[in-house]
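Novice: Numbering (our numbering), first residue to last: 89 to 237. Using N, Cα and C, we set each Cβ at its ideal position, and we do this for glycine too.
#1: Measure the alpha-carbon distance for residue 203 versus residue 109 and round it to whole angstroms.
#2: On the DSSP letters alone, give me the boundaries of the alpha helix (DSSP H) that residue 154 sits inside.
#3: Quick check: residue 145 and residue 197, are their CB atoms within less than 7 angstroms of each other?
#4: Is it true that the segment 151-171 meets the segment 207-221, where meeting means three or more beta-carbon pairs spaced less than 8 angstroms apart?
#5: Please work out which residues of its chain come closer than 7 angstroms, Cβ to Cβ, to residue 102, disregarding the five sequence neighbours upstream and downstream, and give them in chain order.
#6: Buried or exposed for residue 181, please, with buried defined as at least 16 other CB atoms from any protein chain shown within 10 angstroms of its CB.
#7: Among residues of its own chain, excluding the 5 on either side of residue 201, which ones have a beta-carbon nearer than 6 angstroms to its beta-carbon?
#8: Can you round the beta-carbon distance between residue 131 and residue 141 to whole angstroms, since I take them to be within the 8 angstroms contact cut?
#9: Would you report the Cα separation of residue 230 and residue 208, rounded to the nearest angstrom?
Listed below in structure tokens is the structure:
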């Protein structure tokens, strides 16, 4: 109705003469076709996994997980929606506590992987790389200076 009646009537341009309207119609058609295809394939039979904590412990995943946790209320909203959609006997506060334990375990595992990976540097055998001194030192100092001023 939108592409064949409403827009051509208001713009006084036929559908065949309006390239933008044809493009919009193509987008709508593609959107509905992809939706129908997804419904045809069905829903997955396995429970989805938390992609941030199940993608490994090597960089950049710990950084992405830290950014995810730093965004106010994002992790809480995710955990509450997970609780709503999950079949569980836990109440919401038990679920949030369980998720907090999982978060702490993931952070500990990332820390232990970091300690294993950089054991020689942390033991004093190698100096810290200049790039990391710049990234963590100079940029953190500038960021704190901006916050203070």
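Specialist: Taking the structure as given:
#1: By one-based count along the chain shown, residue 203 stands at place 115. By one-based count along the chain shown, residue 109 stands at place 21. Cα to Cα, residue 203 sits roughly 58 angstroms from residue 109.
#2: Within the chain shown, residue 154 is the residue found at index 66, counting from 1. Run containing residue 154: 149-158, per the alpha helix (DSSP H) assignment.
#3: Taking the chain shown and counting its residues from 1, the one referred to as residue 145 is at position 57. Taking the chain shown and counting its residues from 1, the one referred to as residue 197 is at position 109. Yes. Within cutoff.
#4: no
#5: What you label residue 102 is simply residue 14 of the chain shown in a count that begins at 1. Only 96 meet the Cβ criterion.
#6: Stepping through the chain shown from its first residue, residue 181 is reached at position 93. Residue 181 comes out exposed.
#7: As a working note, residue 201 is residue 113 in the chain shown. Within the same chain, residue 201 has close Cβ partners 145.
#8: Residue numbering aside, residue 131 sits at position 43 when the chain shown is read from its first letter. Residue numbering aside, residue 141 sits at position 53 when the chain shown is read from its first letter. Their Cβ separation, rounded to whole angstroms, is 23 angstroms, which puts residue 131 and residue 141 out of contact at 8 angstroms.
#9: The residue labelled residue 230 in the question sits at position 142 within the chain shown. The residue labelled residue 208 in the question sits at position 120 within the chain shown. Roughly 29 angstroms between the two C-alpha positions.
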